[in-house]
Structure formats: C-alpha cells, structure tokens
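S.K.:
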C-alpha cells in the first residue's frame, strides 16, 4: 500500500506527535471524548470485562465468566479503554449498549469525533506507551483519567476521520484475513506434528516403508502441502497383535507392551519454587514449561520429567541429560531399561494425557498419583528400532518446527505492519483521502 504524505504540515507543539497536517487540530482528549461515569444499576446487561477484549485488535472475545459488581453503562459507539495494565492495548468499540465491568474507562465521542477514529487512535503505540508510562501501582498498574484526559489528541475534520476509518477497515481487513490463513496453517502444522509422532510411536506406521522426499521440506507453496501428506504415504507393519490396552489397540507383532514401572525408575524432587535462583548454574525443573535455574543439582543423568499437579499435568514434559534439580511435585523418570530415553519421552509426551484426564485425582488442582503413573502402558519396539524412530521423529519434527517458526515470523510482521499502518493514518503521516 503506497500512500503519499499530506501537502502541508505544521508543528503540533507536542514532541511525541511531531508535525501534523496543517488543517488538523490538536485538543485534549477529554474534550474530544468525555469520560462516562453513569452507573449501570440493576438494569445492567451485555457485560464486558477486560478479558472480553483482544489486545491491539479490539475484537470481542466470548467467555463464560460471570461478573459481579456495578459497572458503567455504555452505549453503542462508545469506546472502552482498559485502564489496568494499559500496555495490553485493550480498546473496544461498542457495537451495542451494555455495561463495562472492572477496570475500564468508557469514553463517549463528542460531536466532532467519530468512534472508529477514536478507537484506532487510542490503539496506537504512541498513546499506549505514553499512558502506560503514567500508571500507578507496581503489581496492578492502572492509568488515571486525570492524566489520560489531558493528553493531546489529533483531530482531523469529520469527513477525513470517516475516510481514515473506511481506509483502515478495508486494509486491516485484508491484513487480518492473511493473518487468519497463517494462523490456520500453524494449527495444521501442530496437528500434523502430533499425528506423526502418535502414529509412529504406537506402531501404526512403519517408517522404513517409504523413501523420504527431502526436497520438499521447509519450503513454501507446494512444499507446505507435501509436508501435510508425506507421512500418510507410509504403510503399516506386516503383522500386528492385540496390545491388551483399549486406547493403544493393536501393536506390531514384534513389539512388547510393559507398564512404566518395569522400564524406569520413578522419583519426585525435594525442592520448592522458592529455591530457584535467577542466575543459577543448573536447570531447575518446576511444574511449568518454563525451566528455572538453581545453584544445586541432585541428578546427573538422562531423564524425562513431567508435572505431578497443577495446570501442567499431562501437558508439561522435559527431556534432559546432565546435571539438574527438580521440584518436589515433579515426577522424574530415569535409569531406563530396554527403552531409550528419547523414545520414552516421545511416547509419554503424546499419550500420557490419557492418565491425566481419565485417572487423575480431582481436587483443588489436578494431580497424578504414583500408582497411576507406574501402571501406564508402553509399546516397546526393539532397541535398534527405537533409535531409528527417535532419530526420524527428531529430524521430521525439527522440519515442521522450522516451518512453524517461519510462519510465526510472518504473522508477527503482519501484526507489526497492521499497527504501523493504523498509526501512520491517525497521526497524519500518510494521506488516505484519495485511497478510499
């Protein structure tokens, strides 16, 4: 999108705004969009809280949360601004009448201000950074209306505000469509990754039955499509037998099936979260995907670790070889017998959720008991086959991960371009009047 600048500019008198189009006005925000303070009372409906507003885009997010407390009544075309942690850029253009709940400013555009222009302007980096820099409260930083209302606000003529809004609706719509396609591609890649690992480690396909076409991996266009189809071209093993486990089904005839207790040692740690050190020398495995640091180690081995309780149950897994320490509610698997640590990790990571969902004890937090873990069944190929499977999956998942990283980078750049385009339009850096 090539847009030219305005013919003439003038100093705005505000350092962070710089020069602005000659015919634009600069006013205080409170005169362009006064703060609404009318309580909703008992007639409150269509409640909106911060969790309903998507950062930076302003899209409405459906939730099942129930909100308590008396909110502020808003009308259609009012603009809602999240005052708690304003760096999140939660700005919502109301599509109906309703009630704002919690830390939200309700702004009502004055006659000379259009709601779409106002919401776009407040969502720019300039305003978000200035407002965020003014917050009070270290743990729960909030913006004050006394500061925010006095901020300088750029005000083009009404027809121009409408033109800017129409331009941004069209262009951001195109960008959002591209982002949605890329995000769907990320979902498909994640699905492919999971399906590939699951099919291979449970013996549903034999990785020796197809010669890989390495030329298509990691490329765009046709290569992406080939990535989705490639593993489906494998064949199964020649002979299968019942595993005796319902979810596992049949397994290759030459594979074994054993409970976890017979193929490794199971332990828990003796450390707590408070033992973590920011600059610690060794990895410290806690109940989340984040690996902390610590200045001690109790293990020096090849190991697989998973959360024993909390939100990470059935979701958090680590594979590590070396010196490390681990949390008292983290399970450690080591000293593997007739199974490689890497194959153990891959099988557990893709299938252990069955124990977490079906066998976990439900209390205030989900938790896993050692007997449940010890009885978890493993399909076990011969050791040479385990090595081959692990090597194949490490190689192929690395290719998927590389492609996913490239797609993620494209998404991030599209989002950056979206933000920059909005900022350029509402600050007068580009003239979009003829682009509508």
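In our numbering, the protein residues as written are 30 to 465. The beta carbon of each residue, even a glycine, is placed where N, CA and C say it ideally should be.
#1: Sorted by chain position, which residues of the same chain lie with C-beta nearer than 8 angstroms to residue 99's C-beta, five sequence neighbours on each side aside?
#2: What do you reckon, are the CB atoms on residue 147 and residue 129 nearer than 7 angstroms?
#3: May I have the straight-line CA-CA distance separating residue 243 from residue 219, to the nearest angstrom?
#4: Under a Cβ-count criterion, where at least 16 other Cβ atoms within 10 Å of its own Cβ denotes burial, should residue 107 be classed as buried or exposed?
#5: Looking only at its chain, what residues have a beta carbon closer than 7 angstroms to the beta carbon of residue 308, apart from the 5 residues adjacent to it on each side?
#6: What first and last residue would you give for the beta strand (DSSP E) that runs through residue 287?
#7: Where residue 422 and residue 266 are concerned, what is the direct C-alpha to C-alpha distance, given to the nearest angstrom?
#8: Drop a sphere of 10 angstroms on the beta-carbon of residue 179, count the other beta-carbons inside from all chains shown, and report buried for 16 or more, exposed for fewer.
#9: What do you reckon, are the CB atoms on residue 371 and residue 408 nearer than 7 angstroms?
#10: Along the chain, where does the alpha helix (DSSP H) containing residue 210 start, and where does it finish?
#11: One question on the structure: do residue 318 and residue 345 come within less than 7 angstroms of each other, judged by their Cβ atoms?
#12: For residue 66, I'd like the list of residues in its chain whose CB is within less than 7 angstroms of its CB, leaving aside the five on either flank, ordered along the chain.
#13: What residue ranges within the region 321 to 407 form continuous alpha helix (DSSP H) runs of no fewer than 4 residues, ordered along the chain?
#14: Counting C-beta neighbours from all protein chains within 10 Å, is the total for residue 364 16 or more, i.e. buried, or is it exposed?
#15: DSSP on residue 84, reduced to helix/strand/coil?
#16: Please report the straight-line C-alpha distance between residue 359 and residue 311, rounded to a whole angstrom.
#17: Going by DSSP, what residue range makes up the alpha helix (DSSP H) through residue 451?
#18: By DSSP, does residue 50 sit in helix, in strand, or in coil?
#19: Can you say whether residue 324 is buried or exposed, counting buried as having 16 or more other CB atoms within 10 angstroms of its CB?
#20: Using beta-carbon positions only, say whether residue 118 and residue 171 come within less than 7 angstroms of one another.
#21: Can you find the residues in the same chain that come closer than 6 angstroms, C-beta to C-beta, to residue 186, ignoring five residues on each side of it along the sequence?
#22: Tell me where the beta strand (DSSP E) around residue 460 begins and ends.
#23: Find the nearest neighbour of residue 453 within the set 201, 283, 343, 121, judged by alpha-carbon distance.
#24: Helix, strand or coil: which one does DSSP assign to residue 175?
#25: Mind checking whether residue 32 and residue 449 have CB atoms under 7 angstroms apart?
#26: Could you spell out the range, first to last residue, of the beta strand (DSSP E) harbouring residue 133?
#27: CB residue 226 to CB residue 375, shorter than 7 angstroms?
#28: Can you tell me whether residue 92 is buried or exposed, with buried defined as 16 or more other CB within 10 angstroms of its CB?
#29: Among residues of its own chain, excluding the 5 on either side of residue 276, which ones have a beta-carbon nearer than 7 angstroms to its beta-carbon?
#30: Which residues mark the beginning and the end of the beta strand (DSSP E) in which residue 146 is found?
#31: Are the region 78 to 89 and the region 112 to 127 in contact at 8 angstroms, needing three or more beta carbon pairs?
#32: Report yes or no: do the region 436 to 450 and the region 322 to 341 share at least 3 C-beta pairs separated by less than 8 angstroms?
#33: So residue 39 is in the alpha helix (DSSP H); what residue range does that whole segment cover?
#34: Evaluate residue 250 with the Cβ neighbour count: other Cβ atoms within 10 Å of its Cβ, from every protein chain shown; 16 or more gives buried, anything less gives exposed.
#35: Taking the continuous alpha helix (DSSP H) assigned at residue 121, which residues delimit it?
#36: Which residues in the same chain as residue 460 place their Cβ atom closer than 7 angstroms to its Cβ, once the five residues preceding and following it in sequence are excluded?
M.R.: To lay it out plainly:
#1: Indexing the chain shown from 1 puts residue 99 at position 70. Excluding sequence neighbours, residue 99 sits near 68, 69, 70, 73.
#2: Residue mapping note: residue 147 aligns to position 118 of the chain shown, counting from 1. Residue mapping note: residue 129 aligns to position 100 of the chain shown, counting from 1. Against a cut-off of 7 angstroms, the Cβ pair of residue 129 and residue 147 comes out as no contact.
#3: In the chain shown, counting from the first residue as 1, residue 243 sits at position 214. In the chain shown, counting from the first residue as 1, residue 219 sits at position 190. Because the pLDDT at residue 243 is just 40, under 50, the model does not fix this residue reliably, and the point stays unresolved.
#4: What you label residue 107 is simply residue 78 of the chain shown in a count that begins at 1. Buried, because 16 or more other Cβ atoms sit within 10 Å of the Cβ of residue 107.
#5: Against the chain shown, residue 308 aligns to sequence position 279. Cβ neighbours of residue 308 beyond the five flanking positions: 322.
#6: As a first step, residue 287 is located in the chain shown; it is residue number 258 there, counting from the start. For residue 287, the enclosing beta strand (DSSP E) has its first and last residue at 285 to 288.
#7: If you number the chain shown from 1, residue 422 lands on position 393. If you number the chain shown from 1, residue 266 lands on position 237. It is roughly 17 angstroms from the alpha-carbon of residue 422 to the alpha-carbon of residue 266.
#8: Your numbering for residue 179 matches position 150 in the chain shown. Exposed.
#9: To locate residue 371, count along the chain shown from 1; it is residue 342. To locate residue 408, count along the chain shown from 1; it is residue 379. Residue 408 sits away from residue 371, with the two beta carbons spaced by 7 angstroms or more.
#10: Here residue 210 corresponds to residue number 181 of the chain shown, with the count starting at 1. In this chain, the alpha helix (DSSP H) harbouring residue 210 covers 187 to 230.
#11: Working through the chain shown from its first residue, we reach residue 318 at position 289. Working through the chain shown from its first residue, we reach residue 345 at position 316. Here residue 318 is near residue 345, since their CB atoms are less than 7 angstroms apart.
#12: Position 37 of the chain shown, counted from the first residue, corresponds to residue 66. 101.
#13: Runs found: 370 to 380, 382 to 387, 399 to 403.
#14: Your numbering for residue 364 matches position 335 in the chain shown. That one is exposed.
#15: As a working note, residue 84 is residue 55 in the chain shown. In the structure shown, residue 84 falls within a coil segment according to DSSP collapsed to helix, strand and coil.
#16: On the chain shown, position 330 is the one that residue 359 refers to. On the chain shown, position 282 is the one that residue 311 refers to. Cα to Cα, the separation comes out at about 16 angstroms.
#17: The residue labelled residue 451 in the question sits at position 422 within the chain shown. According to the DSSP assignment, residue 451 belongs to the alpha helix (DSSP H) that extends over 412 to 455.
#18: Against the chain shown, residue 50 aligns to sequence position 21. The answer is strand: DSSP assigns residue 50 an E or B state.
#19: Reading the chain shown from its first residue, position 295 is the one you call residue 324. Exposed.
#20: For the purposes of this step, residue 118 is taken as the residue at position 89 of the chain shown. For the purposes of this step, residue 171 is taken as the residue at position 142 of the chain shown. Using a Cβ distance threshold of 7 angstroms, residue 118 and residue 171 do not count as a contacting pair.
#21: Counted from its first residue, the chain shown places residue 186 at position 157. If we look at residue 186 and ignore the five residues flanking it on each side, it has no Cβ neighbours.
#22: Here residue 460 corresponds to residue number 431 of the chain shown, with the count starting at 1. From DSSP, residue 460 is part of no beta strand (DSSP E); its letter is neither H nor E.
#23: Translated into positions along the chain shown, residue 453 becomes position 424. Across the set 201, 283, 343, 121, the C-alpha of 201 shows the shortest separation from the C-alpha of residue 453.
#24: On the chain shown, residue 175 is found 146 positions in, with the first residue counted as 1. Note: residue 175 maps to helix in three-state DSSP.
#25: Taking the chain shown and counting its residues from 1, the one referred to as residue 32 is at position 3. Taking the chain shown and counting its residues from 1, the one referred to as residue 449 is at position 420. For the 7 angstroms CB-CB criterion, residue 32 and residue 449 do not form a contact.
#26: Taking the chain shown and counting its residues from 1, the one referred to as residue 133 is at position 104. Where residue 133 is concerned, the enclosing beta strand (DSSP E) stretches over 133 to 136.
#27: The residue labelled residue 226 in the question sits at position 197 within the chain shown. The residue labelled residue 375 in the question sits at position 346 within the chain shown. Less than 7 angstroms separates the beta-carbon of residue 226 from that of residue 375.
#28: The count along the chain shown starts at 1 and reaches residue 92 at position 63. For residue 92, the number of other beta carbons within 10 angstroms of its own is below 16, and it is reported as exposed.
#29: As a working note, residue 276 is residue 247 in the chain shown. When the five nearest sequence neighbours on each side are left out, the beta carbons in the same chain lying within less than 7 angstroms of the beta carbon of residue 276 are those of 383, in order along the chain.
#30: As a position in the chain shown, residue 146 is number 117, starting the count at 1. According to the DSSP assignment, residue 146 belongs to no beta strand (DSSP E) but to the alpha helix (DSSP H) extending over 144 to 151.
#31: Flag = yes, the region 78 to 89 and the region 112 to 127 touch.
#32: With a cut-off of 8 angstroms, the region 322 to 341 and the region 436 to 450 do not count as touching, because too few Cβ pairs lie within range.
#33: As a first step, residue 39 is located in the chain shown; it is residue number 10 there, counting from the start. Per DSSP, residue 39 belongs to no alpha helix (DSSP H); it is in the beta strand (DSSP E), 38 to 40.
#34: Locating residue 250 in the chain shown gives position 221, counting from the first residue. The pLDDT assigned to residue 250 is 40, lower than 50, so where the model puts this residue is not dependable; a value taken from the coordinates is nonetheless given after this. Counting Cβ neighbours within 10 Å, residue 250 comes out exposed, since fewer than 16 surround it.
#35: As a first step, residue 121 is located in the chain shown; it is residue number 92 there, counting from the start. Judged by DSSP secondary structure, residue 121 falls outside any alpha helix (DSSP H) and instead within the beta strand (DSSP E) spanning 120 to 122.
#36: What you label residue 460 is simply residue 431 of the chain shown in a count that begins at 1. Non-local C-beta neighbours of residue 460 in its own chain, meaning closer than 7 angstroms and more than five positions away in sequence, comprise 32, 33, 34, 35, ordered along the chain.
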